[in-house]
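Student:
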Amino acid sequence: MEYRGSDFYDNPDHFERYMERRKAEENANDTLEKPVFQELLGCVKGLRILDIGCGDANFGRECLANGCAAYVGLEGSINMVHAGRKTLEGWDGQIVHARMEDWDYPQAEYDLVLSRLAIHYVQDLNSLLQNIYQTLKPNGRLLFSIEHPVITSTLQPSGTRTHWVVDNYFTEGYREQQWMGGIVYKYHRSIETYFIALQKAGFVVEQLRESKPVRAHFLTDETYERRLRIPLFLFYSAKKK
Ligand SMILES: C[S@@+](CC[C@H](N)C(=O)[O-])C[C@H]1O[C@@H](n2cnc3c(N)ncnc32)[C@H](O)[C@@H]1O
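Structure representation (structure tokens):
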């Protein structure tokens, strides 16, 4: 069976493996993705937040604990929706079960739209960015991370690697990957395409970052040095004009 986006996480085996992987020591999300994301995010106090592809909403709970004014997680996988609702029990946050391509985005509702490692599943980036633009208040901000295009250009089976292939970089489209015991499709596009799509939607791109490792986030030199070899994640922070 082949999966695009959230369907993948509705397979119980994939879901379980993914959740296990997220808890693993020195996992890439916690050592590489989250530190940069938090640095770009800054203070969330008083902000109304929409989190696209929110997963188990652990980040939502952190935002609520840090004083955001509202948190809505948008999530396509029902397994993740259940996990997210459990995470937010006792908190004043909400999880909506919908695909990011299909949701009826309210007008000028949010100060911040964030998305961590979900937008690389989506084919129609331009429509998604238009929806995000109109759901933001004036001067609102979009912050998202994706798998780095040098990785998505040529998706290789997950696991520890000694070398990487970057090929067909400018040929954009879905790529198949053996991941977490199944086959998943992620949509490859170049760094430039993301940048231009943001501008076309009306955003001013304020920051572009890669997941450059910081030694303090790793337990061992070995993992740190391995992570210096290739960027895994890419980040954009953009403002509504
Ligand atoms: C790699 S996980 C990241 C989860 C969370 N943002 C985090 O960083 O822990 C990607 C998430 O995006 C969701 N997702 C993928 N495609 C989606 C879509 N089209 N609409 C809504 N959610 C989607 C998946 O179900 C999954 O929960």
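Going by our numbering, the sequence shown opens with residue 1208, and the numbers climb by one from there. Even glycine gets a Cβ: it sits at the ideal position worked out from N, Cα and C.
In this structure, does DSSP put D1374 in helix, strand or coil?
Tutor: Working through the sequence shown from its first residue, we reach residue 1374 at position 167. Of the three classes helix, strand and coil, the one that applies to D1374 here is coil, per DSSP.
Student: For L1248, verify whether its CB is less than 7 angstroms away from any heavy atom of ligand 1.
Tutor: Locating residue 1248 in the sequence shown gives position 41, where the first residue counts as 1. Closer than 7 angstroms to some heavy atom of ligand 1: that does not describe the Cβ of L1248.
Student: Alpha carbon to alpha carbon, how far is F1222 from K1448?
Tutor: As a first step, residue 1222 is located in the sequence shown; it is residue number 15 there, counting from the start. As a first step, residue 1448 is located in the sequence shown; it is residue number 241 there, counting from the start. One C-alpha to the other measures close to 38 angstroms.
Student: So within the region 1370 to 1437, which uninterrupted beta strand (DSSP E) runs reach at least 3 residues, ignoring any that extend past its ends?
Tutor: 1380 to 1386, 1389 to 1395 and 1410 to 1417
Student: Between which two residues does the beta strand (DSSP E) carrying R1348 extend?
Tutor: Indexing the sequence shown from 1 puts residue 1348 at position 141. Taken as a continuous stretch (DSSP letters only), the beta strand (DSSP E) holding R1348 covers L1343 to E1354.
Student: Under the three-state reduction of DSSP, which class applies to G1212: helix, strand or coil?
Tutor: In the sequence shown, counting from the first residue as 1, residue 1212 sits at position 5. Helix, per DSSP.
Student: When every heavy atom of ligand 1 is checked, does at least one fall within less than 7 angstroms of the C-beta of F1425?
Tutor: Translated into the one-based positions of the sequence shown, residue 1425 becomes position 218. Not under cutoff, so the answer is no.
Student: May I ask which residues mark the beginning and end of the alpha helix (DSSP H) holding A1290?
Tutor: Working through the sequence shown from its first residue, we reach residue 1290 at position 83. Element bounds for A1290: I1285 to T1294.
Student: Using DSSP with H/G/I as helix, E/B as strand and the rest coil, what is E1282?
Tutor: Here residue 1282 refers to the residue found at position 75 of the sequence shown. Note: E1282 maps to strand in three-state DSSP.
Student: Please tell me whether, using a cut-off of 7 angstroms, the distance from the CB of N1234 to the nearest non-hydrogen atom of ligand 1 is below it.
Tutor: Taking the first residue of the sequence shown as 1, we reach residue 1234 at position 27. Result no, Cβ not under 7 angstroms from ligand 1.
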